[in-house]
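Peer 1: Protein chains in written order, with this note's numbering: chain A, 17 to 350; chain B, 2 to 213.
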Amino acid sequence: MELFQLITAQTIPDAVKAQAKSATAQNGADVRFIAGGTNLVDYMKLNVEHPRQLVDINGLALGKIEQTPEGGLKIGALARNADVAQDPTVKEQYPVLSQALLSGASPQLRNMATTAGNLLQKTRCVYYRDTVSACNKRQPGSGCSAIGGYNRMLAILGTSDHCIATNPSDQNVALAALEAIVHIEGTNGPRAVPISEFYLLPGSTPDQETVLQPGDLVTHVTLPKPPAGAKSAYLKLRDRASYEFALASTAIVMKKDGDRISFIRVAMGGVGTRPWRSVEAEKALMGKTASEANFRAAAEAALRGAKPQSQNGFKVELAKRCLVQSMGQVSQLA
Amino acid sequence: MAIDEREKESQTSLGRLTRRSFLSRVGAATAATAISPLAPSPASAETSPTKTAPETIPGTVPITLRVNGQVHAIQVDPRATLLDTLRETLYLTGTKKGCDHGQCGACTVHVNGRRINSCLAFAAMQQNAEITTIEGLGTPENLHPMQSSFVEYDGFQCGYCTSGQIMSAVAMIKEPWGSGDADVMEAMSGNICRCGAYPNIVAAVQAVRRTS
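1. So, helix, strand or coil for A:L94, using DSSP?
2. Going by beta-carbon coordinates alone, are B:C162 and B:C120 separated by less than 8 Å?
3. Quick check: the Cα distance between A:E18 and B:V62, rounded to an integer number of angstroms?
4. Nearest to A:A264 by CA position, among A:M169, A:Q155, A:G245, is which residue?
5. When you compare the CB of B:E89 with every CB in chain A, is at least one pair closer than 8 Å?
6. Residues of chain B with CB closer than 9 Å to the CB of A:Y215, please, in chain order.
7. Determine, using beta carbons only, whether B:N118 comes closer than 8 Å to chain A.
8. Would you say B:N113 and B:E131 are within 8 Å of each other, going by their C-beta atoms?
9. Among A:E65, A:G231, A:V237, whose alpha-carbon lies nearest the alpha-carbon of A:T131?
10. Between A:R281 and A:T105, what straight-line distance do the alpha-carbon atoms span, to the nearest angstrom?
11. Taking 8 Å as the threshold (beta carbon to beta carbon), is A:K61 in contact with chain B?
12. Against chain A, with Cβ distances strictly below 8 Å, would B:T109 count as a contact?
13. Using a Cβ cut-off of 8 Å (strictly closer), state whether B:P79 contacts chain A.
14. Can you have a look at A:Y259 and say buried or exposed, based on whether 16 or more other CB atoms are within 10 angstroms of its CB?
15. Between the C-alpha atoms of A:R126 and B:P79, what's the straight-line distance to the nearest angstrom?
16. Taking Cβ positions, are A:Q21 and A:R68 nearer each other than 8 Å?
17. According to the Cβ coordinates, are A:M270 and A:K241 closer than 8 Å?
18. B:R116 and B:M189 look like a contact to me (Cβ under 8 Å); what is the Cβ gap, rounded to whole Å?
19. Which residues of chain B have a Cβ atom closer than 7 Å to the Cβ of A:L251, listed in chain order?
20. If you count every other CB in all the chains shown that lies within 10 Å of the CB of A:G52, and 16 or more means buried, which is it?
21. Would you say B:P200 lies against chain A (beta-carbon separation less than 8 Å)?
22. Counting contacts by CB-CB distance shorter than 8 Å, is A:Y144 in contact with chain B?
23. Against chain B, with Cβ distances strictly below 8 Å, would A:T175 count as a contact?
24. Output needed in chain order: residues of the segment 150 to 176 of chain B with a Cβ under 8 Å from some Cβ in chain A.
25. For a contact meaning CB atoms closer than 7 Å, what does B:S190 contact in chain A?
26. Looking at chain B, is there any beta carbon in it that lies within less than 8 Å of the beta carbon of A:F20?
27. Grab the span of the alpha helix (DSSP H) containing A:V311 for me, first residue to last.
28. Hey, which unbroken runs of the beta strand (DSSP E) at 3 residues or more fall wholly within the segment 90 to 170 of chain B?
29. Buried or exposed, going by whether 16 or more other CB atoms sit within 10 Å of the CB of A:A335?
30. Helix, strand or coil for A:Y250 per DSSP?
31. Thinking A:N74 and B:M147 are a contact (beta carbons under 8 Å), I'd like their distance in whole angstroms, please.
32. Rounded to whole angstroms, how far is the Cβ of B:G139 from the Cβ of B:A198, which I believe are closer than 8 Å?
33. How would you call A:A162, buried or exposed, if buried means at least 16 neighbouring beta carbons within 10 angstroms?
34. Evaluate contact between the segment 200 to 210 of chain A and the segment 312 to 329 of chain A, counting only Cβ atoms and requiring at least three cross-stretch pairs below 8 Å.
35. Are A:L349 and A:V332 touching if we call contact CB-CB under 8 Å?
36. Do we get a CB-CB distance below 8 Å when we pair A:Q102 with the residues of chain C?
This is the structure in C-alpha cells:
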C-alpha cells in the first residue's frame, strides 16, 4: 500500500473542498472519501487504488434514516448496511432493500459498510483486482483480459468491447427497483440524480463509472413512497448459500389490481455492468395478468439484449428463471 | 480549524513513498549515517545522562486507542490496520490475520460493541472507539461463557479461526437473528473454518443462546 495522508472532515463543505483537488472522482482518484473502508482498503492493499489523501467522513452527521415529509424515506450516506437492513420502516415499506442488504457480504462487513460506499462498490472482476493484468477500467487503454478470459462471474448486459465487469452490489439492485434518488453535494451546491442516471455504461471509457465529478459527496439517498399495497422482494442466486456475490439476482416491486399487474418495477444484479433496471420487463408485464407465462415473457424481454461471453452463457437462462421465480413469489404476496 | 490535518507530519517527513523516492531516501540516510560517529565518544558518554528518547519512526503518527478498557498512546504508520496494530504494536496476538482482505473473519473484533473485520479498518480511524479483542472477553481462569462453550462442544481443531469465531458469536447473540441452527450458520457465515468444525461451532453457539 502506498503512503497517504489521512485528514478528517468536520463539515460537508470541507469534505467537498478536499476531494475537489483530485483530478477525478472516478478510478485513479488522488483523493478519496473513506467511511467504512471495506471496499477501498481492500483495493488499496491490492494497489488498485492509491490515493494520496484519504478524507475520513465518519464525523459528518450523515448516518440517519428518517421519513420524508412526502412519505418516502431518507437514508444517510453513512447509515451502515446492517442498520438500514434492520430499520423498521425499511423492513415494512421496502423489504426488497432489507433482503438485498442481508444477502450481501457478511455481518461484520455490513456493520462497517455504508449506504454511499455500497452505492460506489467496485467490481470484483479478477482482472480489475490484479494489477498485472490488462484492464481498461483500472488502466484505460490497456485492454480487457476478461473478454476471452475467466469471465464466468461477469456481465451479459450493458457490456462493451472494452469492459464486461459486473456491478457486484445487492443494495443497488434494490435501489434501482425502488427508483432511489442519489443526493450529492458538490462544488456547485447540492443536486439530485435518479439512480437510473447515476451509473454510466462502460462504453469506451469503463474507468468512468458514475456521474460523480471532483468534489462530489453523496450525502443521502431518498426512496419515494411505495404505492399503497405494493409488495417487493429480492432473490439472489449464487454458488454458495451465503457470503457470495450473485450469479443472478432480481429485485421486484409489484402491485396487483385483482389479477392484473397495476405497478411493476424490475431490476437485476449479477448480470449487468451497472445495477440493471429492466424497463422492457416492466412494459411486458404492465396491465397483464400475473401468470407464469407472462412472467416468462417478461424475462425473455429482459434478457433479449444479453451478450454472453465464453464462460457465462448459463447466466442468460439463470437470470430468466430468477426473474420468473421472484415474480411468482411477489405475486403471491401482492 | 475546519480540517484536522493531524497527519500532515507524515506527509512532510516521509512524503509519498514511491520506489524512486524510497531509494533516494535510503541513499540520503546512508550518507547521513556515514558522516555520523558510529558510537558516542567516551567523554560524552560519561558526562551526559542516559536519555531514552521516545522512539519515533519517520512517517509514523501518534494515535490513542482504547482496547479492552485500557488506553494506549502509540505511534503507527498511517497505513497500519487495526489488526496489525493490535498484533504488532500492542502485542495482542489473540486476534488473527487470515486473508487480510475481509473474507475470512479471523480478525473479527468488536468496535463499540459491534463485530467488524479489523483488517479493513485503519487504526488511526478508530481513536474514539471502544475496542474489544478476545483478550478482553475472559481470562484462562475465568472464561467467557462462549469460550467455555467452544471448549465444551469442541468448536475447533487447529484453533486459528477460533478467536474470530468467538468474537463473532458473542456479537451475534445481541443481533436480531432467528433461533434455528440455520440462523447461526447465516450469522456466522463471515467466519471461515478450514478445519470444518462448523457443526460443533453451531452447537457451541446454540448452547450459549439457549442459556442467555
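Virtual Cβ for every residue (Gly too), placed ideally from N, Cα, C.
Note that the structure is predicted; figures quoted are calculated from it, not measured.
Peer 2: On the basis of the coordinates in this document:
1. The answer is coil: DSSP assigns A:L94 none of H, G, I, E or B.
2. Not closer than 8 Å, so no.
3. Between the C-alpha atoms of A:E18 and B:V62 there is a straight-line separation of about 16 Å.
4. Checked all of A:M169, A:Q155, A:G245; the closest Cα to A:A264 is A:M169.
5. It does not; no Cβ of chain A falls within 8 Å.
6. The premise fails here: A:Y215 is roughly 24 Å from chain B at the closest Cβ pair, so nothing lies under 9 Å.
7. By this cut-off, B:N118 is an interface position.
8. At the C-beta level, B:N113 and B:E131 come within 8 Å of one another.
9. Of the candidates A:E65, A:G231, A:V237, the one whose C-alpha sits nearest the C-alpha of A:T131 is A:V237.
10. Annotation: A:R281 to A:T105 spans about 20 Å, alpha carbon to alpha carbon.
11. Cβ-Cβ to chain B under 8 Å: yes for A:K61.
12. B:T109 belongs to the set of residues whose beta carbon lies under 8 Å from a beta carbon in chain A.
13. At a cut-off of 8 Å between beta-carbon atoms, B:P79 makes contact with chain A.
14. Buried: at least 16 other Cβ atoms inside 10 Å.
15. A:R126 and B:P79 have their C-alpha atoms roughly 24 Å apart.
16. The answer is yes: Cβ separation under 8 Å.
17. Against a cut-off of 8 Å, the Cβ pair of A:K241 and A:M270 comes out as no contact.
18. Rounded to the nearest angstrom, the Cβ distance from B:R116 to B:M189 is 10 Å, too far for a contact under 8 Å.
19. Chain B residues near A:L251: none, gap ~16 Å exceeds 7 Å.
20. That one is buried.
21. At a cut-off of 8 Å between C-beta atoms, B:P200 does not count as an interface residue with respect to chain A.
22. At a cut-off of 8 Å, the C-beta of A:Y144 has no neighbouring C-beta in chain B.
23. A:T175 does not count as touching chain B.
24. Under the 8 Å Cβ criterion, the segment 150 to 176 of chain B contributes S169, A172, M173, E176.
25. Correct list: S122, S258, Y259.
26. At least one chain B Cβ lies under 8 Å of A:F20.
27. Val is not the amino acid found at residue 311 of chain A; the sequence shown has Phe there. Here the alpha helix (DSSP H) through A:F311 covers 308 to 318.
28. You should have 109 to 112, 115 to 118, 131 to 133.
29. Label assigned to A:A335: buried.
30. Residue state, collapsed to three classes: strand.
31. About 29 Å separates the two Cβ atoms, so there is no contact after all.
32. Wrong, their Cβ atoms sit about 20 Å apart, outside the cutoff.
33. Its Cβ being crowded by 16 or more others within 10 Å, A:A162 is buried.
34. They do not touch, by the three-pair rule.
35. Using a Cβ distance threshold of 8 Å, A:L349 and A:V332 do not count as a contacting pair.
36. Chain labels in this structure do not include chain C; the protein chains are A and B.
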